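K.L.:
From first to last, the protein sequence lines are chains A and B.
Be aware that the first sequence starts at 0, since it is given in numbering that gives the first Met the number 0, and climbs by one per residue.
Be aware that the second sequence starts at 0, since it is given in numbering that gives the first Met the number 0, and climbs by one per residue.
Where a beta carbon is used, it is the ideal one built from N, C-alpha and C, also for glycine.
Predicted model only: the values in this text are computed from it and were never measured.
Protein chains: 2
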Amino acid sequence: MAVNTKIRENTLTIGKYLLDRLQACGVDHIFGIPGDYVLQFDKMIEDHSIKFINTTRENTAGFMADAYGRARGLGVACITYGVGINITNAVSQAYVESSPLVIISGAASTKEFLSSQRLHHLFNKSTKGAARDTTQLDIFKKITVAQAVLDNPATAVEEIEHVLGHCLCQKKPVYIELPRDQATALIPLQKKAQERNSHARSDPSALKEMVSEIEIIIKNCRRPVIWAGHELNRHGLSDGVLQFAEKYRIPIATTLLGKSTISENHPLFLGIYQGKLSRDEVRNYVESCDCIFVLGVILNDVDTGLFTVNLEQKQKIAATTELISINHHQYSGILFPDLIHSLAKLNLNVRFKDDYPALIDKNVPKFKAKKIKITSARLFECIQNHLSHHNIIVSDFGDSLFGGAELIVEQNSFFSNAYFATLGFGVPGAIGAQIACPDKRVICLVGDGAFQMTGMELTTALRYHADPIVILINNHGYATERPLLDGEFNNIWNWNYSMIPQVLRGGVGYLVKTEEEFEKALKNSISKRGEFCLIEVEIGKTDYSPALQRFCNLVNQMKK
Amino acid sequence: MAVNTKIRENTLTIGKYLLDRLQACGVDHIFGIPGDYVLQFDKMIEDHSIKFINTTRENTAGFMADAYGRARGLGVACITYGVGINITNAVSQAYVESSPLVIISGAASTKEFLSSQRLHHLFNKSTKGAARDTTQLDIFKKITVAQAVLDNPATAVEEIEHVLGHCLCQKKPVYIELPRDQATALIPLQKKAQERNSHARSDPSALKEMVSEIEIIIKNCRRPVIWAGHELNRHGLSDGVLQFAEKYRIPIATTLLGKSTISENHPLFLGIYQGKLSRDEVRNYVESCDCIFVLGVILNDVDTGLFTVNLEQKQKIAATTELISINHHQYSGILFPDLIHSLAKLNLNVRFKDDYPALIDKNVPKFKAKKIKITSARLFECIQNHLSHHNIIVSDFGDSLFGGAELIVEQNSFFSNAYFATLGFGVPGAIGAQIACPDKRVICLVGDGAFQMTGMELTTALRYHADPIVILINNHGYATERPLLDGEFNNIWNWNYSMIPQVLRGGVGYLVKTEEEFEKALKNSISKRGEFCLIEVEIGKTDYSPALQRFCNLVNQMKK
């Protein structure tokens with residue numbers, strides 16, 4: 000990758016270089032918690048045009064930066080040593096779901112390590128001769144794709160470029176450890192930033208062979224379909240796939256995690272394909288095709304509907320960052336992006352029939368609110384009626400995601416944690432997305448269990464004038480677990496959520512129970528910008544969305 | 000260690016055996032969050048006489064179990080796979096500060112691992128031939144002292160005994176991974192629980208040699224002192240040290256982390272020795288002694304007052320679980336507990352003069368509340384006046400700890416995280432301690448930064464009728480960081496904390512600003528049992544406790 004920041008003066012510090020490079024990659028905000036090992040660097044952020052966003056704790060900083068990265072292409076969270084390990088859950092999510100996230104951790108200086116065996120925040124005493132406690136580094140090695148310890152100004156530039164390159168290329172988290180004396184250390188003048196060209200290239204003849212094979216398949220199939228996954232979105236390849244699909248009129252289904260890889264208002268969009276968890280019409284269509292392009296799909300249990308997808312189409316072209324294959328043979332030497340670019344450029348005299356049930360998911364009936372208790376199904380119908388292309392939806396795991404999955408949304412405007420499936424991403428993710436995209440309006444879908452984990456992070460929304468609309472679906476417990484095995488442990492102590500704005504000294508709270516009340520609160524929230532709105536929707540304990548109902552049925556079916 | 004639970008029937012499952020063994024070690028509560036990989040085991044807890052305590056998230060479950068373990072001798076937290084990594088911060092604290100904590104994590108079954116490459120909550124895809132994703136195990140290996148994956152009923156008993164033995168012997172966290180199909184797997188009948196004798200023994204002649212040397216030192220010194228650290232407390236050796244000290248009238252200072260290792264009302268108690276962070280009279284006394292016993296002290300930067308302790312006494316006997324030495328020579332082959340037991344049994348015809356300033360820290364003036372703004376110093380004076388031997392104090396890090404350190408408390412009734420120094424331990428720790436000791440009344444000292452991290456966990460106090468008194472010292476920011484380097488990042492958005500009971504639907508909230516208001520709220524809280532009380536005390540932004548003031552002075556002094 001090209002280095003945009005030139006080292007012009009001999010006054011450039013490691014901290015400043017790092018911040019300049021991050022900004023050049025589109026980062027205007029860094030999320031985190033201060034701590035003594037990172038205070039010097041925090042101060043440098045304060046003095047930089049990048050803004051430091053104080054969160055209440057490290058894990059929510061990680062979620063915010065993850066969502067920010069999904070929206071902007073790169074997110075950054077900054078922690079202090081040891082106690083900052085509190086961020087590992089968010090980093091793991093970014094690792095599993097491919098989100099470009101840079102973790103910067105302060106640390107004790109090498110001198111401190113060498114002169115004292117035991118320092119606060121450290122995991123292990125230093126051993127003789129070892130320059131530092133590597134415990135944290137060792138842990139992050141498990142959940143990041145590249146790491147650097149910037150303990151040497153002479154190599155710092157190279158190290159920064161190395162990890163940033165991996166983050167941007169792989170769209171996975173990386174870890175940078177910055178000893179506190181090094182933030183302000185000067186980079187030697189002679190150490191010019193090197194042009195790095197970390198892009199590997201595809202083998203042209205392998206690519207040509209594969210494209211030729213695909214051409215023949217396209218010419219000979221009658222009913223192809225594309226199943227698009229989240230990797231397309233993360234790697235900026237959605238438009239390439241769309242170009243390919245539009246040229247030949249190939250309909251596109253997405254995975255759940257890949258939802259909004261293309262605009263769901265696009266006439267070629269079929270719906271979410273998730274095996275037996277799909278809506279019948281989507282499943283029937285996809286499984287009746289004679290050719291499927293599985294692009295950017297990582298086959299996990301959630302996206303495959305507990306491994307019920309049926310990929311027995313006559314022809315199958317599958318491509319991810321990990322593996323590229325046609326039917327039973329694999330290609331090596333081809334990079335995923337290059338393949339997608341080649342598909343986009345294909346020029347065949349073929350057009351498929353529009354025989355797919357267009358607007359499969361788009362039959363949005365006009366919502367007429369009644370004075371009756373609102374159900375989960377009606378809740379999502381109402382939201383759908385008020386969605387605009389200005390909205391980004393951030394969904395936490397649970398019925399908020401099952402239900403939210405059927406909303407029709409624009410391209411790259413639905414962020415969820417459908418694969419790692421941790422709870423608590425919703426609210427901080429919504430704040431991160433709102434800070435990343437101030438011109439959009441973020442709607443957060445979250446259950447009561449997830450809200451109790453991280454919902455008070457709304458304090459950060461107030462402090463930095465981010466104004467997401469949080470729809471809290473209160474079904475009094477861990478609803479997705481009830482159909483699996485129920486017990487007292489699935490219940491949650493009920494809060495008076497709509498009073499939270501009074502605790503936080505800002506924002507607007509609503510408690511709604513009927514369709515009319517919900518629609519009114521939603522309309523008010525949409526029309527009012529400037530501070531967060533929190534709408535608690537009282538839902539029956541076992542009032543599951545249609546999608547969660549399908550999940551329950553499938554689980555029960557599998558038990559038999 | 001002896002196994003108390005006999006396997007009598009061929010219906011004993013791994014889950015049941017584990018629960019019975021934990022109960023035999025004094026565990027009546029397990030803290031955690033349910034999740035699909037651990038639901039089977041959660042259900043077994045529900046059916047057991049051990050009570051499951053639902054928390055809002057994993058990290059607070061870890062803190063609760065840590066405090067529970069400090070009070071009871073063993074704490075247990077239960078998580079699900081992958082997302083449960085959210086607990087690592089609490090586990091790291093227990094690891095660094097020596098708290099006996101068992102982490103039980105659900106996991107996918109071996110069959111699931113073998114049959115599917117990608118499962119939700121997992122970090123990495125399974126590789127061919129590998130029975131499971133070891134990422135989580137690898138991470139916990141860094142912050143626990145023993146680990147077991149219970150994927151085989153034939154070895155499960157042995158594995159459980161192995162890790163429990165390490166936990167109880169080392170007083171450090173251990174990790175148990177329980178695949179979801181194994182919780183209910185039957186232990187083979189022939190697999191009798193083995194008597195395990197994991198106790199290593201001291202070399203008798205080494206011990207004898209050391210004790211003889213100590214006898215001579217005692218006979219020849221004029222003014223010995225004991226500096227007692229947290230390891231004494233954790234390993235149940237406080238009484239042994241006290242017996243030794245009482246016999247010869249040797250005064251005892253403690254470390255900060257070791258605070259309450261002995262009752263601070265004991266006439267031999269000197270105060271907290273922390274180098275230049277100590278009160279002058281304590282420091283002068285300790286440093287003027289000609290012989291020091293440094294027992295159970297892990298020399299970290301906090302406990303040594305940023306390495307300003309002066310241990311230049313003529314004779315120095317130092318003993319921890321890691322190292323035993325006299326002056327410049329080390330003894331090997333001696334176990335720390337055996338040494339303390341030997342000291343307790345010493346029988347010499349020596350009595351030292353009571354020339355130490357008795358009641359050094361115990362001059363508690365009667366607090367007379369005035370109608371004036373309360374200061375940090377007066378706040379702690381008032382608390383001191385109302386403390387009784389029924390109280391346990393749980394302090395978070397920050398000025399709550401600096402100020403709280405000077406309270407005079409009973410034995411093992413002050414829990415803090417003075418070494419790992421993470422924020423957020425206070426409130427969940429207080430709840431864990433209150434659940435562990437329902438007959439005591441827990442007082443939590445916490446700052447606003449720490450409270451915003453984990454304070455909403457008070458919901459768990461309500462649900463399980465735990466009634467700690469939470470004193471929230473609101474100084475509007477990270478006060479301990481301001482003297483190091485101040486900036487906008489040290490400020491915290493102010494909440495209306497006293498309204499939290501209205502959100503949580505229980506508990507009592509106070510906002511106090513004057514001495515009179517605080518004393519009234521504290522008296523009311525003490526007299527009212529049954530639900531938590533939250534007293535927000537408005538303190539000036541730079542109104543530091545005397546101890547924090549000493550810290551600031553020391554830091555500034557070091558900068559020069």
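#1: Determine the burial state of serine 97 (chain A): buried for a count of at least 16 other Cβ atoms within 10 Å of its Cβ, exposed for fewer.
#2: When you compare the segment 469 to 488 of chain A with the segment 28 to 43 of chain B, are there three or more beta-carbon pairs, one atom per stretch, that lie closer than 8 Å?
#3: Chain A partners of glutamine 39 (chain B), CB-CB under 9 Å?
#4: Would the segment 401 to 413 of chain B count as touching the segment 261 to 268 of chain B if we require 3 or more Cβ pairs under 8 Å?
#5: Please say whether aspartate 398 (chain A) and leucine 547 (chain A) have beta carbons closer to each other than 8 Å?
#6: Can you round the beta-carbon distance between histidine 119 (chain A) and phenylalanine 517 (chain B) to whole angstroms, since I take them to be within the 8 Å contact cut?
#7: Give every residue of the same chain whose Cβ lies closer than 6 Å to the Cβ of valine 224 (chain A), excluding the five residues on either side of it in the sequence, and list them in chain order.
#8: Please confirm whether tyrosine 94 (chain B) and phenylalanine 122 (chain A) have their CB atoms less than 8 Å apart.
#9: May I ask you to report which of helix, strand or coil DSSP gives isoleucine 509 (chain B)?
#10: Would you mind listing the alpha helix (DSSP H) stretches within the segment 131 to 187 of chain B that are 4+ residues and don't spill past its ends, in chain order?
#11: Only counting the same chain, and skipping five residues up and downstream in sequence, which positions put a Cβ closer than 7 Å to that of tyrosine 463 (chain B)?
#12: Whole-angstrom Cβ separation of glycine 274 (chain B) and asparagine 232 (chain B), contact assumed at under 8 Å?
#13: Mind listing, in chain order, the continuous alpha helix (DSSP H) runs of no fewer than 4 residues lying wholly within the segment 3 to 67 of chain B?
#14: Using alpha carbons as the reference points, say which of A:Ile216, A:Cys168, A:Glu176 and A:Ala147 lies closest to glutamate 199 (chain A).
#15: By Cβ distance below 6 Å, which residues in the same chain neighbour alanine 317 (chain A) in space, the five residues on each side in sequence not counted?
#16: Can you list, in chain order, the stretches of the alpha helix (DSSP H) that have 4 or more residues and sit fully within the segment 444 to 495 of chain A?
#17: Would you give the residue range spanned by the alpha helix (DSSP H) that valine 349 (chain B) belongs to?
#18: Does the Cβ of alanine 368 (chain A) have 16 or more other Cβ atoms within 10 Å, making it buried, or fewer, making it exposed?
#19: Can you look up asparagine 384 (chain B) in the DSSP assignment and give me helix, strand or coil?
#20: In chain A, what lies closer than 7 Å to arginine 278 (chain B) by C-beta?
#21: Compare the beta carbon distance of valine 173 (chain A) and threonine 133 (chain A) with 8 Å and say whether it is the shorter of the two.
#22: Mind checking the segment 106 to 136 of chain A against chain B and listing, in chain order, the residues whose C-beta falls within less than 8 Å of any C-beta there?
#23: Where glutamate 480 (chain B) and alanine 60 (chain A) are concerned, what is the direct C-alpha to C-alpha distance, given to the nearest angstrom?
#24: Give the secondary structure of histidine 328 (chain B) by DSSP, where H, G and I count as helix, E and B as strand, and everything else as coil.
#25: Could you check if aspartate 46 (chain B) is buried or exposed, using at least 16 other CB atoms within 10 Å of its CB as the buried criterion?
#26: Alpha carbons only, please: which of B:Val101, B:His229 and B:Glu535 is nearest the one belonging to threonine 253 (chain B)?
#27: Please classify serine 201 (chain B): is it buried, with 16 or more other beta-carbons within 10 angstroms of its beta-carbon, or exposed?
#28: Under a three-way DSSP split, which group does glutamine 273 (chain A) fall into?
#29: From the DSSP output, which residues share a beta bridge with asparagine 390 (chain B)?
#30: Between lysine 564 (chain A) and lysine 512 (chain A), which are expected to be in contact by the criterion C-beta below 8 Å, what is the C-beta distance as a whole number of angstroms?
#31: With a threshold of 8 Å between beta-carbons, can valine 507 (chain A) be considered close to chain B, or not?
#32: According to DSSP, is glutamate 570 (chain B) helix, strand or coil?
#33: What does DSSP give as the partner residues of glutamine 599 (chain B) in its beta bridges?
#34: Rounded to the nearest angstrom, how far is the Cβ of valine 162 (chain B) from that of glutamine 146 (chain B), given a contact under 8 Å?
#35: Using a Cβ cut-off of 8 Å (strictly closer), state whether alanine 93 (chain A) contacts chain B.
#36: With the cut-off set at 8 Å, would you say glycine 105 (chain B) and phenylalanine 40 (chain B) are in Cβ contact?
P.N.:
This is what the structure gives:
#1: The residue you call residue 97 (chain A) lines up with position 98 of the first sequence. Counting Cβ neighbours within 10 Å, serine 97 (chain A) comes out buried, since at least 16 surround it.
#2: With a cut-off of 8 Å, the segment 28 to 43 of chain B and the segment 469 to 488 of chain A count as touching, because enough Cβ pairs lie within range.
#3: Position 40 of the second sequence, counted from the first residue, corresponds to residue 39 (chain B). In chain order: Leu484.
#4: yes
#5: Translated into positions along the first sequence, residue 547 (chain A) becomes position 548. Translated into positions along the first sequence, residue 398 (chain A) becomes position 399. For leucine 547 (chain A) and aspartate 398 (chain A), yes; Cβs fall inside 8 Å.
#6: In the first sequence, the residue the question calls residue 119 (chain A) occupies position 120. In the second sequence, the residue the question calls residue 517 (chain B) occupies position 518. That belief does not hold up - the Cβ atoms of histidine 119 (chain A) and phenylalanine 517 (chain B) are roughly 30 Å apart, past 8 Å.
#7: If you number the first sequence from 1, residue 224 (chain A) lands on position 225. Pro250, Val285, Cys288 and Ile291.
#8: Position 95 of the second sequence, counted from the first residue, corresponds to residue 94 (chain B). Position 123 of the first sequence, counted from the first residue, corresponds to residue 122 (chain A). Cβ distance < 8 Å, so tyrosine 94 (chain B) and phenylalanine 122 (chain A) count as in contact.
#9: Translated into the one-based positions of the second sequence, residue 509 (chain B) becomes position 510. Looking at the sequence provided, one finds tyrosine at residue 509 (chain B) rather than isoleucine. In the structure shown, tyrosine 509 (chain B) sits in a strand (DSSP, three-state: E or B).
#10: List check, alpha helix (DSSP H) in window: 134 to 140 and 152 to 169.
#11: The residue labelled residue 463 (chain B) in the question sits at position 464 within the second sequence. Same-chain partners within the cutoff: Ile52 and Ile434.
#12: By one-based count along the second sequence, residue 274 (chain B) stands at place 275. By one-based count along the second sequence, residue 232 (chain B) stands at place 233. Glycine 274 (chain B) to asparagine 232 (chain B), Cβ: 21 Å. No contact.
#13: Here the runs fully enclosed are 13 to 23 and 38 to 45.
#14: The residue labelled residue 199 (chain A) in the question sits at position 200 within the first sequence. According to the sequence displayed, residue 199 (chain A) carries alanine and not glutamate. Measuring from the Cα of alanine 199 (chain A), the nearest candidate turns out to be A:Cys168.
#15: Here residue 317 (chain A) refers to the residue found at position 318 of the first sequence. Cβ within range, chain order: Val293 and Ser324.
#16: 447 to 453 and 457 to 462
#17: The residue you call residue 349 (chain B) lines up with position 350 of the second sequence. Premise fails: valine 349 (chain B) is in no alpha helix (DSSP H) and is neither H nor E.
#18: Reading the first sequence from its first residue, position 369 is the one you call residue 368 (chain A). Result: buried.
#19: The count along the second sequence starts at 1 and reaches residue 384 (chain B) at position 385. Assignment of asparagine 384 (chain B) by DSSP, reduced to helix, strand and coil, places it in the helix class.
#20: The sequence position of residue 278 (chain B) within the second sequence is 279, counting from 1. What arginine 278 (chain B) touches in chain A: nothing, since even the nearest Cβ is about 21 Å away.
#21: As a working note, residue 173 (chain A) is residue 174 in the first sequence. As a working note, residue 133 (chain A) is residue 134 in the first sequence. No, Cβ-Cβ distance for valine 173 (chain A) and threonine 133 (chain A) is not below 8 Å.
#22: Ser115, Gln116, Arg117, Leu118, His119, His120, Leu121, Phe122 and Thr134
#23: Taking the first residue of the second sequence as position 1, residue 480 (chain B) is located at position 481. Taking the first residue of the first sequence as position 1, residue 60 (chain A) is located at position 61. In a straight line, the C-alpha of glutamate 480 (chain B) is about 19 Å away from that of alanine 60 (chain A).
#24: Sequence index remark: in the second sequence, residue 328 (chain B) carries index 329 (1-based). Histidine 328 (chain B): strand per DSSP, three-state reduction.
#25: Mapped onto the second sequence, residue 46 (chain B) falls at position 47. Aspartate 46 (chain B) is exposed by the Cβ-count criterion.
#26: If you number the second sequence from 1, residue 253 (chain B) lands on position 254. Nearest C-alpha to threonine 253 (chain B): B:His229.
#27: As a working mapping, residue 201 (chain B) is identified with position 202 in the second sequence. Around the beta-carbon of serine 201 (chain B), 16 or more other beta-carbon atoms lie within 10 Å, marking it buried.
#28: Taking the first residue of the first sequence as position 1, residue 273 (chain A) is located at position 274. Residue state, collapsed to three classes: strand.
#29: Translated into positions along the second sequence, residue 390 (chain B) becomes position 391. Answer is B:Arg440.
#30: Because chain A here runs from 0 to 559, residue 564 (chain A) falls outside it and cannot be looked at.
#31: Working through the first sequence from its first residue, we reach residue 507 (chain A) at position 508. Closer than 8 Å: no.
#32: Absent from the model: residue 570 (chain B). The displayed extent of chain B is 0 to 559, so no value can be given.
#33: No statement about residue 599 (chain B) is possible, as the shown extent of chain B runs from 0 to 559 and does not include it.
#34: As a first step, residue 162 (chain B) is located in the second sequence; it is residue number 163 there, counting from the start. As a first step, residue 146 (chain B) is located in the second sequence; it is residue number 147 there, counting from the start. Confirmed, about 7 Å.
#35: Position 94 of the first sequence, counted from the start, is the residue given in the question as residue 93 (chain A). No, alanine 93 (chain A) lies away from the interface with chain B (no Cβ there is under 8 Å from its Cβ).
#36: Stepping through the second sequence from its first residue, residue 105 (chain B) is reached at position 106. Stepping through the second sequence from its first residue, residue 40 (chain B) is reached at position 41. Yes.
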